[in-house]
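One structure is given here, and the rest of the page talks about it.
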Amino acid sequence: MQGGSPVVARDVLICNTTQLALLPASQQTVYRLADPDYGPLRPRLRPTDTSDNRSTWHRYDVAGERTIYAASSLEGMYAEMLQALKKPEPIPASELFDDAGEGETVQDLIAHDFAQEAKEPAHEIDLDWLLKQRLYTMLLPAAGWFVDAEHSNTIAYLDRNRPAVLLEKGLQQVTVAELRGEDRFVTSHLAETVAQPRLQDQTRPIGLLYGSKLGSEWDCWTVWLRDGVHIAISVDVGQPVQHPGENPVLLKVLKNYGLSVPGM
0 MQGGSPVVAR DVLICNTTQL ALLPASQQTV YRLADPDYGP LRPRLRPTDT
50 SDNRSTWHRY DVAGERTIYA ASSLEGMYAE MLQALKKPEP IPASELFDDA
100 GEGETVQDLI AHDFAQEAKE PAHEIDLDWL LKQRLYTMLL PAAGWFVDAE
150 HSNTIAYLDR NRPAVLLEKG LQQVTVAELR GEDRFVTSHL AETVAQPRLQ
200 DQTRPIGLLY GSKLGSEWDC WTVWLRDGVH IAISVDVGQP VQHPGENPVL
250 LKVLKNYGLS VPGM
């Protein structure tokens, strides 16, 4: 091939109809945490109205549908769940202390105290909510297509087909940064743009495969529970989430984020 071989992250199929980058569903094993009172396949149904308030939606939720999220590894799953509990934004020390130095933060003062004791400060959290969840192992459907959300073909498709509501919002260009952004109005509308078209075999995409914004080694999955997809997913009865003292994967993620739990 002239110009050398391209770097390809995944072996994708380029859809003849849409030019989206597709990956076949092939019963991939994924992991999901969910409240056992609802189970792993009963997420909230999103409304079909055109309300601007999507702040409580998850990243790639689609209007009028139920959407679940999973990860290819246990480590990636815990990282996604715990990201909201990472170290908080620095608080100016002057807000709490009259004698604080200029530019000092509360975290700086804590770190200084810990450094004198040769210890690394940790942000302590209460994991009760997590330990009430169950860990489900799932097999994705054996047939159908996932869209590789961050492939250049998919990004180009989204850029060509920017929704009118996002153009009105001032979206000038679609890049990976928009997909990984925190504006759920933007990310959910981009997800709907990918979810709507018929592919070359006249099916609609099952969902998305994308890299975690927390680490390039972690793959995440979005699955839209429509067109009978929920029936095609195999899921076990779930296992209790073990305490970090007995859960080395969870403990590793906590340490990476500088988080600790009471008693540890």
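If you count by numbering that gives the first Met the number 0, then the sequence shown holds residues 0 to 263, one letter each, in order. Using N, Cα and C, we set each Cβ at its ideal position, and we do this for glycine too. Values in this document were obtained by computation on a predicted structure and should not be read as measured data.
Could you check which residue in 140, 48, 161 has the C-alpha nearest to that of residue 224? Within the sequence shown, numbered from 1, the residue matching residue 224 stands at position 225. Closest option to residue 224, Cα to Cα, is 140.
Closest Cα partner of residue 20 within the set 10, 28, 29: Here residue 20 refers to the residue found at position 21 when the sequence shown is read from its first residue. Considering only alpha carbons, the answer is 10.
DSSP state of residue 46, grouped into three classes? Working through the sequence shown from its first residue, we reach residue 46 at position 47. It is coil, neither helix nor strand.
Can you check whether the CB of residue 171 is closer than 7 Å to the CB of residue 16? As a first step, residue 16 is located in the sequence shown; it is residue number 17 there, counting from the start. As a first step, residue 171 is located in the sequence shown; it is residue number 172 there, counting from the start. No; because the gap between Cβ atoms is not below 7 Å, this pair is not in contact.
May I ask you to verify whether the stretch 171–190 touches the stretch 152–160, counting CB pairs closer than 8 Å and requiring at least 3? yes
Count Cβ pairs between the stretch 239–257 and the stretch 40–60 that sit closer than 8 Å; are there 3 or more? no
Relative to the alpha-carbon of residue 149, which residue among 126, 59, 42 has its alpha-carbon at the smallest distance? To locate residue 149, count along the sequence shown from 1; it is residue 150. With distances taken between Cα atoms, residue 149 lies closest to 59.
In three-state terms, what does DSSP make of residue 15? Taking the first residue of the sequence shown as 1, we reach residue 15 at position 16. In the structure shown, residue 15 sits in coil (DSSP, three-state: anything other than H, G, I, E or B).
For residue 249, which of 29, 76, 46 has the nearest alpha-carbon? Locating residue 249 in the sequence shown gives position 250, where the first residue counts as 1. Checked all of 29, 76, 46; the closest Cα to residue 249 is 76.
Tell me the DSSP secondary structure of residue 97 in three-state form. Taking the sequence shown and counting its residues from 1, the one referred to as residue 97 is at position 98. Note that residue 97 scores a pLDDT of 49, beneath 50, so its modelled location is shaky; the value from the coordinates is reported in the next line. Note: residue 97 maps to coil in three-state DSSP.
Limits of the alpha helix (DSSP H) - the one that residue 183 falls within: Here residue 183 is taken as the residue at index 184 of the sequence shown, counted from 1. Residue 183 -> alpha helix (DSSP H) spans 183–194.
For the stretch 183–191 against the stretch 209–218, are there 3 or more C-beta pairs whose distance is under 8 Å? no
Alpha carbon to alpha carbon, how far is residue 48 from residue 230? Numbered from 1 along the sequence shown, position 49 holds the residue referred to as residue 48. Numbered from 1 along the sequence shown, position 231 holds the residue referred to as residue 230. Distance between the alpha carbons of residue 48 and residue 230 is about 26 Å.
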